[in-house]
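All remarks here apply to the structure that follows.
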Amino acid sequence: MKKAHVFQYILVTILAVGFFGCKPADDGDVIKIGEFASLTGREATFGQSSHAGTALAIEEINAQGGVLGKKLVLITQDDQSKAGEPATVVRKLISRDKVVAVLGEVASSRSLEAAPICQNAKIPMISPSSTNPKVTETGDYIFRVCFIDPFQGTVMANFATKTLKLKNVAVLTDVKSDYSVGLAKFFKETFVQSGGKIGSEASYSGGDRDFKAQLTTIKAANPEGIFIPGYYTEVGLIAQQARQLGITVPLFGGDGWESSKLVEIGGQAIEGAYFSTHYSPEQQTQQSVQFVEKYKAKYNSLPDAMAALGYESALILADAIKRAGSTEGSKIRDALAATRDFEGVTGKTNIDENRNAEKPAVILTIKNGEFKYVETVEP
Ligand code: PHE
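The following block contains the structure:
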């Protein structure tokens with residue numbers, strides 16, 4: 442290297458160090474929010490919808506000037522719908538990215554995996570849509586902005602007895618999923634209390650593709666309906682195989698059914714089935730109408746329950762950080778716990794003493810390949 446070049450090199454280095462040195466990692470100027478979601482894998486539509494809602498909320502908050510005079514930065518990690526990944530990616534969000542709070546997940550088992558990590562780090566976590574009671578029982582830093590499965594199970598048991606007028610049903614549970622096991626249990630409790638009979642019970646493991654053995658056993662018991670508290674991929678296949686085996690009775694389930702893929706996989710077999718969830722874009726409240734407009738403008742599609750709850754989780758977090766006046770974990774935690782009457786897209790959020798929200802459930806049916814609103818059930 443010639444002398445002049447060496448000099449130039451040193452000068453450039455000094456300038457570069459000086460420039461980047463004055464503007465260190467954005468930490469001081471922004472507030473980092475972590476998100477973990479199943480953007481790929483078996484429940485990809487859950488993570489994609491939830492993330493779409495969350496990202497829309499962050500964008501809106503920033504357009505209005507951010508929080509505490511700072512912009513929010515959303516750092517999203519894909520857990521690939523895989524057990525083991527939530528723990529890994531949430532550890533990264535906390536220790537490497539230094540997020541002040543964590544949003545996620547949709548699936549209860551994956552929220553349950555990350556919750557102890559957030560709890561131990563004293564970083565508040567808000568699950569937008571995990572409904573298993575154990576999620577928030579993990580500790581006082583773990584919140585959710587949706588109803589829980591004792592309520593959802595009751596809603597569907599009442600729907601089975603009162604609307605579908607069923608007296609004898611079969612239940613087909615995913616034993617690998619905390620959500621499925623819990624929802625099956627809560628459904629059965631109420632259904633039996635109301636005088637119904639669980640004539641047949643069978644199980645599978647998430648990821649299975651052949652359900653003929655279970656369905657053959659169920660068919661032999663001659664139930665009047667089948668309750669399937671599972672996720673859309675398996676539910677779609679179960680519906681297909683049930684109809685192939687000549688089972689014609691009504692199929693019904695919970696929020697885990699909600700995905701455009703349900704209809705793609707289930708096709709004609711899923712027509713006329715019913716499920717409970719948190720939201721329908723057909724809801725005519727002012728919040729919902731505005732949300733649908735903004736969501737459509739950004740994504741050119743209609744929001745589902747996960748999108749609505751993802752959106753709400755970010756708005757509720759931003760509101761709590763504002764009220765806390767600080768990004769300290771314990772202060773955000775206290776402000777989240779004090780959330781009252783937050784008017785959102787899925788209804789009013791009141792965080793109760795168990796860090797859950799009481800909200801209405803919505804029952805949808807599948808008609809001509811589309812989800813149609815049937816009714817709202819108040820808590
Ligand atoms: N409630 C489900 C669970 O806890 C997840 C889910 C929420 C799925 C909303 C669809 C819609 O696992």
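In my numbering, the protein residues as written are 442 to 820. Even glycine gets a Cβ: it sits at the ideal position worked out from N, Cα and C.
- Membership of glutamine 518 in the beta strand (DSSP E) is indicated by the continuous run 512 to 519.
- Going by C-alpha positions, alanine 528 is about 40 Å away from glutamine 685.
- Exclusion of the five residues before and after leucine 515 leaves Ile474, Glu476, Thr495, Ala496, Ile499 as the residues of its chain whose Cβ lies within less than 7 Å of its Cβ.
- Using a 10 angstroms sphere on the CB of aspartate 590, the tally of other CB atoms reaches 16 or more, which defines it as buried.
- A direct Cα-to-Cα measurement between lysine 737 and alanine 493 gives close to 11 Å.
- In the DSSP assignment, tyrosine 814 forms a beta bridge with Leu805.
- Residue pairing by DSSP places serine 644 opposite Thr614 in a beta bridge.
- Checking the DSSP bridge columns, you'll see threonine 790 partnered with Phe783.
- Here valine 803 is buried, its C-beta having at least 16 other C-beta atoms within 10 Å.
- When rounded, the separation of the alpha-carbon atoms in cysteine 559 and valine 576 is 12 Å.
- When the alpha-carbon of glycine 648 is set against those of Tyr740, Glu811, Thr674, the nearest one is in Thr674.
- The nearest non-hydrogen atom of ligand 1 is less than 8 Å from the C-beta of glutamate 699.
- In this structure, the straight-line span from the alpha carbon of glutamate 712 to that of isoleucine 583 is close to 37 Å.
- Taking one beta carbon from each stretch, the region 635 to 646 and the region 605 to 616 have 3 or more pairs nearer than 8 Å; the two touch.
- For valine 541, no beta strand (DSSP E) segment is defined, and its DSSP state is neither H nor E.
- For threonine 718, the secondary structure class from DSSP, reduced to helix, strand or coil, is strand.
- The continuous stretches of alpha helix (DSSP H) do not include leucine 692, which lies in the beta strand (DSSP E) extending over residues 692 to 694.
- Cβ-Cβ distances below 6 Å link proline 722 to Val733, Leu743, Pro744 in the same chain, with the five nearest sequence neighbours on each side left out; the list follows chain order.
- In this structure, serine 641 lies away from alanine 683, with their beta-carbon atoms at least 9 Å apart.
- With contacts defined as CB atoms closer than 9 Å, serine 522 and arginine 585 fail to qualify as a contacting pair.
- In the same chain as aspartate 470, and ignoring 5 residues on each side of it, the C-beta atoms closer than 8 Å to its own belong to Lys511, Lys512, in chain order.
- Residue state for glutamate 799 is assigned as coil, using DSSP reduced to three classes.
- With contacts defined as CB atoms closer than 9 Å, glycine 697 and leucine 544 fail to qualify as a contacting pair.
- Around tyrosine 814, the same chain offers Ser721, Glu723, Val803, Leu805 as residues with beta carbons nearer than 7 Å, after the five sequence neighbours per side are excluded.
- In this structure, asparagine 573 has its beta carbon less than 8 Å from a heavy atom of ligand 1.
- In this structure, the CA atom of valine 622 is about 8 Å from the CA atom of proline 670.
- Counting along the chain, lysine 473 sits inside the beta strand (DSSP E) bounded by residues 471 to 478.
- Segment contact: the region 779 to 791 against the region 746 to 763, three or more CB-CB distances shorter than 8 Å; contact assigned.
- Classified as buried, lysine 800 has 16 or more neighbouring CB atoms from the shown chains inside 10 Å of its CB.
- For glutamate 705, the closest alpha carbon among the candidates Gly810, Gln489, Thr517 is that of Gly810.
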